[in-house]
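Trainee: So the number in the working numbering is just where the residue sits in the sequence shown, counting from 1, plus 304.
Here a beta-carbon is modelled for each residue, glycine too, at the ideal position from N, C-alpha and C.
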Amino acid sequence: MRKNAWTSWGVTAFLGLFLVLGTAGLHADDTKPPLLTQVKGLALADSEVQSLEDIVLGAYQTIVASRADVTSDRAVMTRQLLMPNVTVKDLEPTVRHSIEAEMKIRLAELDRQLKIRKLIGNKRWAALMDLAASLKKQTPVPDDPVDDPQTNRILNVLRVLGS
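In C-alpha cells, the structure reads:
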C-alpha cells in the first residue's frame, strides 16, 4: 500500500512540474516589447517616414485598382458560367485579364518591398515587415491615436503593409 502512495505522489509531482514548465514555454513570446516600443525602436527619421508613405501610397493605388479588377473579373466569370453552352474558350479572356491583374498586384507588392528595403536597410526592413504582420494579427487592432505623430504615421504605413 505504501508503494501506491509514493507512485501517486510521483505522478502528481511529475504532472505539476510538466504543467509549470509547459506554461513557462507558452509565455516565452511575451518577452517581446510592446508594439509601440518596437515601432519607436526602428528609429526612422522624418524623411524616411515620408518616403515610406510615398512608396506605400504609390503601390497602394495600383494594388487597389488591380484588386478591383480581380473582383470584377470573378463576377463576370460567375455570370458567364451561368450561361448555357459556355466554353473554356469563352471564359479565357476574362481569366487572362484576372491573371494579369493578380500579376500587377504581386509585382507592385514586390516593388514596394524592394524600395522599402533599399530605403531603410535590411535589418529595419525585416523588423518593419514583422511589425506589419504582428499588427495584422492583433485583435482588435489598436486604433487609438498615439501621442507621437510620427509613430501614428508609421502605424498607418504598417496597417497598409499588412493589408
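Please state the DSSP three-state secondary structure of V374.
Mentor: The residue labelled residue 374 in the question sits at position 70 within the sequence shown. The answer is helix: DSSP assigns V374 an H, G or I state.
Trainee: Taking Cβ positions, are L459 and Q342 nearer each other than 7 Å?
Mentor: For the purposes of this step, residue 459 is taken as the residue at position 155 of the sequence shown. For the purposes of this step, residue 342 is taken as the residue at position 38 of the sequence shown. No; because the gap between Cβ atoms is not below 7 Å, this pair is not in contact.
Trainee: Which residue marks the beginning of the alpha helix (DSSP H) containing S438, and which one marks its end?
Mentor: Taking the sequence shown and counting its residues from 1, the one referred to as residue 438 is at position 134. Counted as a single uninterrupted DSSP element, the alpha helix (DSSP H) harbouring S438 occupies residues 426-441.
Trainee: If distances are taken between C-alpha atoms only, which option among P338, L346, P337, D350 comes closest to P453?
Mentor: The residue given as residue 453 occupies position 149 in the sequence shown. Of P338, L346, P337, D350, the residue nearest in Cα terms is D350.
Trainee: Nearest-angstrom Cα distance between L356 and L395?
Mentor: On the sequence shown, position 52 is the one that residue 356 refers to. On the sequence shown, position 91 is the one that residue 395 refers to. Looking at the two C-alpha atoms, the distance is approximately 39 Å.
Trainee: Rounded C-beta distance between A405 and S370? I'm assuming under 8 Å.
Mentor: Residue mapping note: residue 405 aligns to position 101 of the sequence shown, counting from 1. Residue mapping note: residue 370 aligns to position 66 of the sequence shown, counting from 1. With a Cβ gap of about 4 Å, A405 and S370 count as contacting.
Trainee: What first and last residue would you give for the alpha helix (DSSP H) that runs through T391?
Mentor: The sequence position of residue 391 within the sequence shown is 87, counting from 1. Unbroken run through T391: none, as it is neither H nor E.
Trainee: Report the rounded CA-to-CA distance for L262 versus M387, giving the unit in angstroms.
Mentor: No answer is possible for residue 262: it lies beyond the span of the chain, which begins at 305 and ends at 467.
Trainee: For my contact list, L346 and L432 are in at a C-beta cut-off of 8 Å; report their separation, rounded to the angstrom.
Mentor: To locate residue 346, count along the sequence shown from 1; it is residue 42. To locate residue 432, count along the sequence shown from 1; it is residue 128. The pair is a contact, with the Cβ atoms about 7 Å apart (cut-off 8 Å).
Trainee: Nearest by alpha-carbon distance to A372: which of H401, V360, D451 is it?
Mentor: Taking the first residue of the sequence shown as 1, we reach residue 372 at position 68. When each option's Cα is compared against that of A372, the closest is H401.
Trainee: Do I367 and A412 have their beta-carbon atoms positioned less than 7 Å apart in this structure?
Mentor: For this step, residue 412 is matched to residue 108 along the sequence shown. For this step, residue 367 is matched to residue 63 along the sequence shown. A Cβ-Cβ contact shorter than 7 Å links A412 with I367.
Trainee: In whole angstroms, what separates the C-alpha of G466 from that of T455?
Mentor: The residue given as residue 466 occupies position 162 in the sequence shown. The residue given as residue 455 occupies position 151 in the sequence shown. Cα-Cα distance, rounded: 16 Å.
Trainee: Given this structure, state the Cα-to-Cα distance separating L451 from L348, to the nearest angstrom.
Mentor: Translated into the one-based positions of the sequence shown, residue 451 becomes position 147. Translated into the one-based positions of the sequence shown, residue 348 becomes position 44. A small correction: the amino acid at residue 451 is Asp; Leu does not occupy that position in the sequence shown. Taking the straight line from one Cα to the other gives about 16 Å.
Trainee: Any idea what DSSP makes of D451, helix, strand or coil?
Mentor: The residue labelled residue 451 in the question sits at position 147 within the sequence shown. The answer is coil: DSSP assigns D451 none of H, G, I, E or B.
Trainee: For K408, I'd like the list of residues in its chain whose CB is within less than 7 Å of its CB, leaving aside the five on either flank, ordered along the chain.
Mentor: To locate residue 408, count along the sequence shown from 1; it is residue 104. Closer than 7 Å at the Cβ level, and outside the excluded window around K408, lie T366, S370.
Trainee: In terms of residues, what are the limits of the alpha helix (DSSP H) holding L340?
Mentor: Locating residue 340 in the sequence shown gives position 36, where the first residue counts as 1. Here the alpha helix (DSSP H) through L340 covers 339-345.
Trainee: Tell me whether A379 is buried or exposed, calling it buried when 16 or more other Cβ atoms sit within 10 Å of its Cβ.
Mentor: For the purposes of this step, residue 379 is taken as residue 75 along the sequence shown, with counting starting at 1. Looking at its Cβ environment, which holds fewer than 16 other Cβ atoms inside 10 Å, A379 is exposed.
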